[in-house]
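Residue numbers (the working numbering): 27 to 141. To start, the structure under review is shown below, and the notes come after it.
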């Protein structure tokens, strides 16, 4: 799960500070999504299945949001329209902040269960 945080954050913040979306940023988005999906599947197996609750719902929502974001970034990069390439990193910050909510709540729930 921390690999997802590292890759996704790297893509979002590198794009933001570069001021323009680049192929390396999109690669980080896809790597973050892949790590998040892998981590989610591992946690599902450890938990003995999928248990629907608020965290599960927000987590699934975050995965869908990451997928849409990565697909959208790929399309923006493919079209190479300069205004959109420059605007996309600012939008990514919002997507990243929303994605952090289930990530942080998952950490809090996991640490509470460990105590």
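Every residue gets a Cβ at the ideal spot worked out from N, C-alpha and C, and that includes glycine. This one's a predicted model, so the numbers in the text were calculated from it and none came from an experiment.
Spatially closest choice to residue i from the options, by CA coordinates
i	options	result
residue 31	122, 80 and 77	122
residue 68	120, 105 and 27	27
residue 38	129, 92 and 134	92
Distance between beta carbons of residue j and residue i, contact taken as under 8 Å
i	j	result
residue 84	residue 76	Not a contact, Cβ separation roughly 14 Å.
residue 99	residue 47	6 Å
residue 59	residue 96	5 Å
residue 23	residue 41	Because residue 23 is not part of the residues shown, which for the chain are 27 to 141, the question remains open.
As assigned by DSSP and simplified to three states, the class of residue i
i	result
residue 51	helix
residue 95	helix
residue 27	coil
residue 73	coil
Spatial distance of residue i from residue j (CA atoms)
i	j	result
residue 131	residue 53	26 Å
residue 78	residue 66	13 Å
residue 115	residue 108	12 Å
residue 51	residue 136	30 Å
residue 33	residue 103	18 Å
Cβ of residue i within 8 Å of any chain D Cβ
i	result
residue 133	In summary, chain D is missing from the structure at hand, where a single protein chain is found.
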